[in-house]
Amino acid sequence: MRSQVPGRRERDGATDAHDDDTRETPTLAWELVDLERYEVRVGNAVLGYIEVVAPVFVVSLGCRFAKAVEIAQVHAFDEAVERLFAASLIGHAQNSSGS
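Using the numbering used here, read the sequence shown as starting at 12 and increasing by one per residue.
Right, here's the structure in full:
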């Protein structure tokens, strides 16, 4: 089973010569990849994993499960997805600034 919600995208108002209505907006998606593990992606990029360890969801950031780092334990799946997405944005911003 695969579920999707619209991806979040911000623009600074600048025009992009390559931007047109035919380009697809990346979507935030998750897919059950193991008995109790979801892989979370934006487009083709893996953000991390959410494991179901009742009564919590364990959120791990990283593109490979074996090297992913646990960043949170929450009680709601939606919150787990939000935490993973936010953490990926923070990591991307830090990498872009050269930190």
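Heads up, the beta-carbon is just placed ideally off N, CA and C, and yes, glycines get one too.
These figures come from a predicted structure and were not determined experimentally.
For Leu-46, does the count of other Cβ atoms within 10 angstroms reach 16, so buried, or fall short, so exposed? Looking at its Cβ environment, which holds fewer than 16 other Cβ atoms inside 10 Å, Leu-46 is exposed.
DSSP three-state assignment for Arg-94, whether helix, strand or coil: Here Arg-94 sits in helix by DSSP.
Burial state of Arg-94, where buried means 16 or more other Cβ atoms lie within 10 Å: Buried is the call here.
Nearest-angstrom beta carbon gap, Tyr-60 and Ala-79 [assumed within contact, 8 angstroms]: Rounded, the Cβ-Cβ distance is 6 angstroms, consistent with contact.
By alpha-carbon positions, which one of Asp-89, Phe-96 and Pro-37 ends up nearest to Cys-74? Nearest C-alpha to Cys-74 among Asp-89, Phe-96 and Pro-37: Phe-96.
Nearest to Val-67 by CA position, among Ala-98, Glu-81, Asn-55 and His-86, is which residue? Among Ala-98, Glu-81, Asn-55 and His-86, the Cα nearest to that of Val-67 is on His-86.
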